[in-house]
Structures are given as structure tokens and as C-alpha cells.
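Colleague: The opening residue of the sequence shown carries number 2 in our numbering; numbering runs sequentially from there.
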Amino acid sequence: MGEGGAATAVAEAQYSLVKTSVWWDIENCQVPKGCDPHAIAQNISSALVRMNYCGPVSISAYGDTTGITASVQHALSSTGISLNHVPAGNPFSLSIQPPNFSCLPISFTFFP
Numbered sequence: 002m003g004e005g006g007a008a009t010a011v012a013e014a015q016y017s018l019v020k021t022s023v024w025w026d027i028e029n030c031q032v033p034k035g036c037d038p039h040a041i042a043q044n045i046s047s048a049l050v051r052m053n054y055c056g057p058v059s060i061s062a063y064g065d066t067t068g069i070t071a072s073v074q075h076a077l078s079s080t081g082i083s084l085n086h087v088p089a090g091n092p093f094s095l096s097i098q099p100p101n102f103s104c105l106p107i108s109f110t111f112f113p
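1. Between which two residues does the beta strand (DSSP E) harbouring residue 62 extend?
2. Where does residue 10 land, buried or exposed, given buried means 16+ other C-beta within 10 angstroms?
3. Return the Cβ separation of residue 26 and residue 68 in integer angstroms, given the expectation that the two are a contact with Cβ distance under 8 Å.
4. In this structure, how does DSSP classify residue 80 when only helix, strand and coil are distinguished?
5. Mapping DSSP to helix, strand and coil, what is residue 19?
6. Using the rule of at least 16 other Cβ atoms within 10 Å of the residue's Cβ for burial, across every protein chain shown, is residue 21 buried or exposed?
7. Starting from residue 26, follow its DSSP beta bridges and name the residues at the other end.
8. Which residue wins for smallest C-alpha separation from residue 55, given the options 62, 45 and 86?
9. Rounded to whole angstroms, what is the Cα-Cα separation between residue 86 and residue 66?
10. Give the straight-line distance between the Cα atoms of residue 14 and residue 38, rounded to the nearest whole angstrom.
11. Assign residue 19 to one of two classes, buried (16 or more other C-beta atoms within 10 Å of its C-beta) or exposed (fewer than that).
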């Protein structure tokens with residue numbers, strides 16, 4: 002069991018070294034208050050490694066970035082997270098999914 006009693010998935014050997022792309026809906030799943038935004042990319046990468054996903058990781062955040070402070074945007078960008086502005090009110094903008102993708106649920110516990 003993982004943190005909080007949730008079952009932890011482990012990558013099959015054939016997938017352990019492939020590139021993982023994380024698509025983050027930053028508008029509806031914001032940086033938690035009290036969380037150091039500099040730590041998010043490392044937390045995601047560490048969680049993936051614990052699940053045996055050890056290949057390269059790219060993290061892209063999508064959403065209306067006008068509501069994210071400049072300091073948080075800078076912190077996220079400085080750790081390699083790609084910020085992609087999606088104007089608010091566009092109901093189709095976040096519905097596009099890449100081919101051959103899979104959703105990997107990862108939960109984090111952030112301590113302020």
C-alpha cells in the first residue's frame with residue numbers, strides 16, 4: 002500500500018524506461034497552498050521512480066495561467082515544467098489527448 006493506504010501500481014518491466022509525459026490541469030488542480038512549487042517536479046519524478054517508471058519525464062501544465070502568481074510560474078518553469086496558457090472559457094481546449102497515452106493516478110501528500 003502507498004501513502005494514505007492507496008494501492009501503489011508498479012510499472013511492468015517493458016515500460017520502466019520509456020518516456021513518461023505528465024499532463025497537468027493546473028487550472029483545476031492548482032499548486033496547493035503552502036507547497037513549495039520548486040519541489041513539484043521532483044515530487045512527481047520521485048513518485049514515478051517509486052513505481053518503477055525510471056525513464057525520462059516531461060511535465061506540461063495546462064490552464065488559464067493568468068490566475069497563477071508570477072513567482073509560482075517562475076518556480077515551476079525553473080524546474081522544467083512547461084506552462085501552457087489555455088484561455089478561460091474555452092470548453093474544448095483541454096479535451097485533446099495525445100495518441101497512445103495512459104493516465105497514471107499519482108497522489109501526493111504535501112506538508113506545509
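Glycine residues also receive a C-beta, built at the ideal position from the N, C-alpha and C atoms. Predicted, not measured: the structure shown is a model, and the values here were computed from it.
Modeller: Inspection of the coordinates gives the following:
1. By one-based count along the sequence shown, residue 62 stands at place 61. Here the beta strand (DSSP E) through residue 62 covers 58-64.
2. As a first step, residue 10 must be located in the sequence shown, where it is residue number 9. Under this definition residue 10 is an exposed residue.
3. By 1-based counting over the sequence shown, the position of residue 26 is 25. By 1-based counting over the sequence shown, the position of residue 68 is 67. So it is not a contact: roughly 13 Å between Cβ atoms.
4. Reading the sequence shown from its first residue, position 79 is the one you call residue 80. Three-state result, residue 80: coil.
5. Locating residue 19 in the sequence shown gives position 18, where the first residue counts as 1. Coil.
6. Here residue 21 refers to the residue found at position 20 of the sequence shown. When all chains shown are included, residue 21 counts as buried.
7. Along the sequence shown, one-based indexing puts residue 26 at 25. Bridge partners of residue 26: 63.
8. On the sequence shown, position 54 is the one that residue 55 refers to. Comparing Cα-Cα distances from residue 55 to each of 62, 45 and 86, the minimum goes to 45.
9. Taking the sequence shown and counting its residues from 1, one reaches residue 86 at position 85. Taking the sequence shown and counting its residues from 1, one reaches residue 66 at position 65. Taking the straight line joining both Cα atoms gives about 5 Å.
10. On the sequence shown, residue 14 is found 13 positions in, with the first residue counted as 1. On the sequence shown, residue 38 is found 37 positions in, with the first residue counted as 1. So the alpha carbons of these two residues sit roughly 31 Å apart.
11. Translated into the one-based positions of the sequence shown, residue 19 becomes position 18. Flag for residue 19 reads exposed.
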